[in-house]
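Everything on this sheet refers to the single structure shown next.
Number of protein chains: 2
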Amino acid sequence: MQPGDRVRVDRGDVTNEGVLLPSTTRDHLVVKLDGGYNVGIDRTEADVEVLESGARDVDEGADAGGGEASEITFDSDLPTISLISTGGTIASTVDYRTGAVTAQFDAEDVLRAVPDLAGRANYRGRVVANILSENMDPSIWRELATAVREEIESGADGVVVMHGTDTMQYSASALSFILDSPVPVVFTGSQRSADRPSSDNVMNAVCAVEAAKADHAETLVCMHATQSDDACALHRGTRVRKNHTSRRDAFETVGAEPLGLIDYEAAAEAGADGEAADDAIEWNREPIARGEAADGDDENGDTSAEVGFYPDLDADVELVKFTPGMDPAAWEYLDGKDGVVIEGTGLGHVHTDLIGRIADLVDDGAVVAMTSQCLEGRVCDRVYDTGRDLLDAGVVEAGDTLPGTAKVKLMWALANADDAADAMGRDLAGELTEESQPWR
Amino acid sequence: MQPGDRVRVDRGDVTNEGVLLPSTTRDHLVVKLDGGYNVGIDRTEADVEVLESGARDVDEGADAGGGEASEITFDSDLPTISLISTGGTIASTVDYRTGAVTAQFDAEDVLRAVPDLAGRANYRGRVVANILSENMDPSIWRELATAVREEIESGADGVVVMHGTDTMQYSASALSFILDSPVPVVFTGSQRSADRPSSDNVMNAVCAVEAAKADHAETLVCMHATQSDDACALHRGTRVRKNHTSRRDAFETVGAEPLGLIDYEAAAEAGADGEAADDAIEWNREPIARGEAADGDDENGDTSAEVGFYPDLDADVELVKFTPGMDPAAWEYLDGKDGVVIEGTGLGHVHTDLIGRIADLVDDGAVVAMTSQCLEGRVCDRVYDTGRDLLDAGVVEAGDTLPGTAKVKLMWALANADDAADAMGRDLAGELTEESQPWR
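Listed in order, the protein sequences are those of chains A and B. Residues 1 to 440 (the numbering used here) are what the first sequence spells out, left to right. Residues 1001 to 1440 (the numbering used here) are what the second sequence spells out, left to right.
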């Protein structure tokens, strides 16, 4: 039984057919089902029958890719990286190249689109969605988190999520709260599609794969650090923001340096034979350490460790922005909501006339959290009268949490925290800088 | 008749009493009424009677300020700067010092609070509002613009508006659209009140006065350029944004260098005797030129020129922000609005499900303009399907206009432009960079 083999798997009442994917664990199989989904299967609980040898895939690769066939065979010396597609520009480039429909996106498609990825890892391709990222919503965040968990538990040494750039920061935040991952989860995307000379897709993909192979367990966004093709920045998922509509270096860590920087040339060279390119990464802060492997002794640093997984989200949370002259009717629909995040002005203010409205929402049981449209800096409602009135009304301060991240966090906190209001003032996933100073 | 004299002015049916303020024009008098408002009075149409000599004011200055009395007398060699207060941290420092109520804010209060202003100009103090700036609204923008116009038409060589920092960018935008001013209109404020050692109020006030005396006619925001006390940045009112909740250098021009930089030490020194400190200003772009003086030959560069004044605003405009997972009910209240500005994702997108809603708003006669929550860069809805569908629905693109500025602009355009939708795609007051490239 080899990767590429077509198999039938019987588990109790459930029978699946599909193609066996590379896996670095001995305990789990990963099978790509004909519908495009991958399932991780506990080998001890399943009967597996090989229906067809995997030579089919290798032949197809040779036909289409012109000699890349050898790179999609499983090499036990290489780490395994799962490439999860959700759509967006970087994934659309794959579609352009293959003309393939969504469900057929797999490792071959990726290697045809970005041949530079070959030899760096064994790849598993997986599709969670094929949408432009403005259509992302909490239910897809959960599906995505579930897929990432399955990939890790079936032995992936790292996960790369290909995502549209418009809402990448929201999805990366969601996974930061939902997952306690023992391996890197690296979001990447493309600001310019592959048919443009200035496309960023190759460098972003190579850097993301190398970041996913490296020795840490952060949930990151990996995108161009500058307008040149020299390095990608590694942003913490909860602190990153798309700050430009079109530039390749649109993504920035707000209020701090990015977690790290990965040098493209050094990473591409060091990681070409499947080695980890840790020397190509310069960390500005100590990253979260990779988890211990559950079955320990794999030479590829097999990390099929437990994945902390808290997928519940209370989607009944709204983000509302205050601007001068706004119609108070804008907030009428908030009645009965479980949570509201306000994007206030300055240290966290709204028009005095709205404070009574907020008090009513809190009285009705909503958690109302304050953030700032300044984006940088902390809210502090103890300085001015308006702020003190807001605190009296029951508003909770979200520190320096970005408004979009605060919305995702509140969805998560309402479903998972003992005290969601309290949780909004504490750091859970790098989204909030805890400081002793009231404000500075 | 001298500044400081108490006068009675008869104009037809209207009689006012108050204190004569410094004026550099021969055609207009400026009288501070007992209610705190200043009125500009065409001298040819009024009978003026001196009720009491101005010695009173000088005495009071000497009592309270310890020797600054001479600086509040009118010096015909000095330019005249109007200081308009709307409230906020910088004005609250004045209140702290004097314990005065709003209506008593005048030149003496300012000089007591910031003695470094003495000798740089003849000052007129004027109160438009005394509110924290989160309570600003379009009706106060109109009052403020009216006051600025009156000050300029009664001979002010420049106007400084003291404003809370929370919504300064909205008010500065509003005045940029409403006024076509022949002299500088300079907004300034304070991120830290005067009772804090790190207060920025003195440097900001001095730089703002010197910027208002200088040779240009821009509507600016003048605030700390860095965290040091070395220079203030001069931001175009329509391109500036408060990007930090508390830092003294919170204000930034988005997507470009500020219009200019004014060196604190150089400006303080050069302007100390009433000279213009133009050499202390480094312009990054050519500023709008000062208007020709209507009566020409005043040695102080008297510029009592015509003020272009278009004060109508259609306040029935909302700014709404799209975020993933939002409840479509959030937009139900938009029915019947005259204008809607959307803060979309990336190049200007919203969830596909909202496009029909937008089409309905447009069909009902609303102008719906798209901006981006990225803040930097242009919207461009010709690249992806969602964008093209939005254009088909009748959305107009606001280029690289900031979302908050776009809201103010749409209020103005609906009341003043022949075709408000078309105006949103053109530059009216430096808010939009017109480019031939579709996007970059």
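All C-beta atoms, glycine included, are put in the ideal place defined by N, C-alpha and C.
TODO: Could you name the residues of chain A that Asp1166(B) contacts, counting a contact when the two beta carbons are closer than 7 Å?
DONE: Here the question's residue 1166(B) lines up with position 166 in the second sequence. Those are Thr345, Gly346, His349, listed as they occur along chain A.
Open item on the list: With a threshold of 8 Å between beta carbons, is Leu391(A) in contact with chain B?
Closed with: Residue mapping note: residue 391(A) aligns to position 391 of the first sequence, counting from 1. Not an interface residue.
Task: Lys1242(B), enclosing beta strand (DSSP E) - first and last residue - done: As a first step, residue 1242(B) is located in the second sequence; it is residue number 242 there, counting from the start. Run containing Lys1242(B): 1240–1242, per the beta strand (DSSP E) assignment.
TODO: Name the one or two DSSP bridge partners that Asp1047(B) has.
DONE: On the second sequence, residue 1047(B) is found 47 positions in, with the first residue counted as 1. In the DSSP output, where bridge partners are listed per residue, Asp1047(B) has Asp1010(B).
Task: Rounded straight-line distance, which links the Cα of Glu1218(B) to that of Tyr1123(B) - done: The count along the second sequence starts at 1 and reaches residue 1123(B) at position 123. The count along the second sequence starts at 1 and reaches residue 1218(B) at position 218. Each residue's Cα considered, the two are about 20 Å apart.
Task: Cut-off 6 Å between Cβ atoms - residues of its own chain near Asp1180(B), not counting five sequence neighbours on either side - done: Walking along the second sequence from the start, residue 1180(B) turns up at place 180. Counting only Cβ-Cβ distances below 6 Å, and skipping sequence neighbours, we find Gly1308.
Task: Residues that Lys1032(B) contacts on chain E, provided the C-beta gap is smaller than 9 Å - done: In the displayed structure, chain E is absent; the protein chains listed are A and B.
Open item on the list: For Tyr1384(B), tell me which candidate among His28(A), Ser76(A), Arg120(A), Ser133(A) has the shortest Cα-Cα distance.
Closed with: Translated into positions along the second sequence, residue 1384(B) becomes position 384. Of the listed residues, the one whose Cα sits closest to Tyr1384(B) is Ser133(A).
Open item on the list: I believe Ala359(A) touches Gly387(A) by the beta-carbon criterion, under 8 Å. Please report the beta-carbon distance rounded to the nearest angstrom.
Closed with: Stepping through the first sequence from its first residue, residue 359(A) is reached at position 359. Stepping through the first sequence from its first residue, residue 387(A) is reached at position 387. Their Cβ separation, rounded to whole angstroms, is 14 Å, which puts Ala359(A) and Gly387(A) out of contact at 8 Å.
Open item on the list: Please tell me whether Gly376(A) has its Cβ less than 8 Å away from any Cβ of chain B.
Closed with: The residue given as residue 376(A) occupies position 376 in the first sequence. Sequence inspection shows Glu at residue 376(A); the Gly mentioned does not correspond to that position. With 8 Å as the cut-off, Glu376(A) counts as an interface residue toward chain B.
- [ ] Please name the residue, chosen from Ile1152(B), His1224(B), Thr1167(B), Gly1255(B), that lies closest to Ala1212(B) on a Cα-to-Cα basis.
- [x] In the second sequence, residue 1212(B) corresponds to position 212, counting from 1. It is Ile1152(B).
Task: Spatial neighbours of Gly99(A) in its chain, beta-carbon cut-off 8 Å, leaving aside the 5 residues before and after - done: On the first sequence, position 99 is the one that residue 99(A) refers to. The predicted position of Gly99(A) is uncertain, since its pLDDT is 30 and thus under 50; a value taken from the coordinates is nonetheless stated next. No residues qualify anywhere along the chain.
Open item on the list: By the DSSP assignment, the beta strand (DSSP E) with Ser1122(B) in it spans what residues?
Closed with: On the second sequence, residue 1122(B) is found 122 positions in, with the first residue counted as 1. Looking at the sequence shown, residue 1122(B) is not Ser but Asn. Residues 1122–1127.
TODO: Locate the alpha helix (DSSP H) running through Thr1146(B), then write down its first and last residues.
DONE: As a first step, residue 1146(B) is located in the second sequence; it is residue number 146 there, counting from the start. Here the alpha helix (DSSP H) through Thr1146(B) covers 1138–1153.
TODO: Just tell me which of Ala329(A), Asp419(A), Leu334(A) has its CA closest to the CA of Gly1336(B).
DONE: What you label residue 1336(B) is simply residue 336 of the second sequence in a count that begins at 1. Out of Ala329(A), Asp419(A), Leu334(A), Ala329(A) has the C-alpha closest to the C-alpha of Gly1336(B).
Open item on the list: I'd like to check one pair, Ser154(A) with Gly4(A): are the Cβ atoms closer than 8 Å?
Closed with: Taking the first residue of the first sequence as position 1, residue 4(A) is located at position 4. Taking the first residue of the first sequence as position 1, residue 154(A) is located at position 154. Against a cut-off of 8 Å, the Cβ pair of Ser154(A) and Gly4(A) comes out as no contact.
TODO: Would you be able to state if there are at least three C-beta pairs under 8 Å between the region 114–123 of chain A and the region 198–210 of chain A?
DONE: yes
Open item on the list: Does the CB of Tyr384(A) have a neighbour CB from chain B at under 8 Å?
Closed with: As a position in the first sequence, residue 384(A) is number 384, starting the count at 1. Yes, contact with chain B.
Open item on the list: Any C-beta of chain B within less than 8 Å: which residues of the region 126–138 of chain A qualify?
Closed with: Leu132, Ser133, Glu134, Asn135, Met136, Asp137, Pro138
Open item on the list: What does the alpha-carbon distance come out to for the pair Gly399(A) and Asn135(A)?
Closed with: One-based indexing of the first sequence puts residue 399(A) at position 399. One-based indexing of the first sequence puts residue 135(A) at position 135. Each residue's alpha carbon lies about 28 Å from the other.
Task: Counted within 10 angstroms of its Cβ, other Cβ atoms place Gly1296(B) as buried (16 or more) or exposed - done: As a working note, residue 1296(B) is residue 296 in the second sequence. Because the pLDDT at Gly1296(B) is just 48, under 50, the model does not fix this residue reliably, and the value given afterwards should be weighed accordingly. It counts as exposed.
- [ ] Only counting runs of 4 or more residues, tell me where the alpha helix (DSSP H) segments fall wholly within the region 1204–1233 of chain B, in order along the chain.
- [x] none
Task: N- and C-terminal bounds of the beta strand (DSSP E) containing Leu29(A) - done: What you label residue 29(A) is simply residue 29 of the first sequence in a count that begins at 1. Per DSSP, Leu29(A) belongs to the beta strand (DSSP E) from 28–33.
- [ ] Look at the Cβ atom of Asp381(A), then the Cβ atom of Leu347(A), and state whether they are nearer than 8 Å.
- [x] Position 381 of the first sequence, counted from the first residue, corresponds to residue 381(A). Position 347 of the first sequence, counted from the first residue, corresponds to residue 347(A). Taking 8 Å as the Cβ cut-off, Asp381(A) and Leu347(A) qualify as a contacting pair.
Task: Members of the region 207–225 of chain A that neighbour chain B once the beta carbon cut-off is set at 8 Å - done: none
TODO: Starting from the Cα of Ile1081(B), find the closest Cα among Met1168(B), Arg1149(B), Gly1164(B) and give me that residue.
DONE: Working through the second sequence from its first residue, we reach residue 1081(B) at position 81. If we check each option's Cα against that of Ile1081(B), Arg1149(B) comes out closest.
- [ ] Could you say if the region 1241–1256 of chain B and the region 371–378 of chain A meet the contact criterion of at least three C-beta pairs nearer than 8 Å?
- [x] yes
Task: Interface flag, Pro1287(B) vs chain A, CB-CB below 8 Å - done: Locating residue 1287(B) in the second sequence gives position 287, counting from the first residue. So no, Pro1287(B) is outside the interface.
TODO: Output yes or no for whether 8 Å exceeds the beta carbon distance between Val367(A) and Ile342(A).
DONE: In the first sequence, counting from the first residue as 1, residue 367(A) sits at position 367. In the first sequence, counting from the first residue as 1, residue 342(A) sits at position 342. No; because the gap between Cβ atoms is not below 8 Å, this pair is not in contact.
Task: Integer-rounded CB distance, given that Val340(A) should sit under 8 Å from Glu318(A) - done: Stepping through the first sequence from its first residue, residue 318(A) is reached at position 318. Stepping through the first sequence from its first residue, residue 340(A) is reached at position 340. That belief holds up - the Cβ atoms of Glu318(A) and Val340(A) are roughly 5 Å apart, short of 8 Å.
Open item on the list: Taking a contact to mean a Cβ-Cβ separation below 8 Å, would you say Ala147(A) touches Val408(A) in this structure?
Closed with: Here residue 147(A) refers to the residue found at position 147 when the first sequence is read from its first residue. Here residue 408(A) refers to the residue found at position 408 when the first sequence is read from its first residue. Not a contact, by the Cβ cut-off of 8 Å.
- [ ] Quick one: list the residues of chain B neighbouring Lys407(A), beta-carbon separation under 7 Å, in chain order.
- [x] Residue numbering aside, residue 407(A) sits at position 407 when the first sequence is read from its first letter. Here the neighbours are Thr1323.
- [ ] Take Ala406(A) and list the residues in its own chain whose beta-carbon comes closer than 6 Å to its own, dropping the five residues that flank it on each side.
- [x] Sequence index remark: in the first sequence, residue 406(A) carries index 406 (1-based). Cβ within range, chain order: Val341, Ala369, Thr371, Ala398.
TODO: Return helix, strand or coil for Phe251(A), following the three-state DSSP convention.
DONE: For the purposes of this step, residue 251(A) is taken as residue 251 along the first sequence, with counting starting at 1. Strand at Phe251(A).
TODO: Could you work out which residues of chain A lie near Val1161(B), taking near to mean beta carbons separated by less than 7 Å?
DONE: Mapped onto the second sequence, residue 1161(B) falls at position 161. Near Val1161(B) there are no residues of chain A at all, since even the closest Cβ is about 15 Å away, more than 7 Å.
TODO: Compare the C-beta of Asn243(A) with all C-beta atoms of chain B and state if any pair is closer than 8 Å.
DONE: Taking the first residue of the first sequence as 1, we reach residue 243(A) at position 243. Yes, because at least one Cβ of chain B sits closer than 8 Å to the Cβ of Asn243(A).
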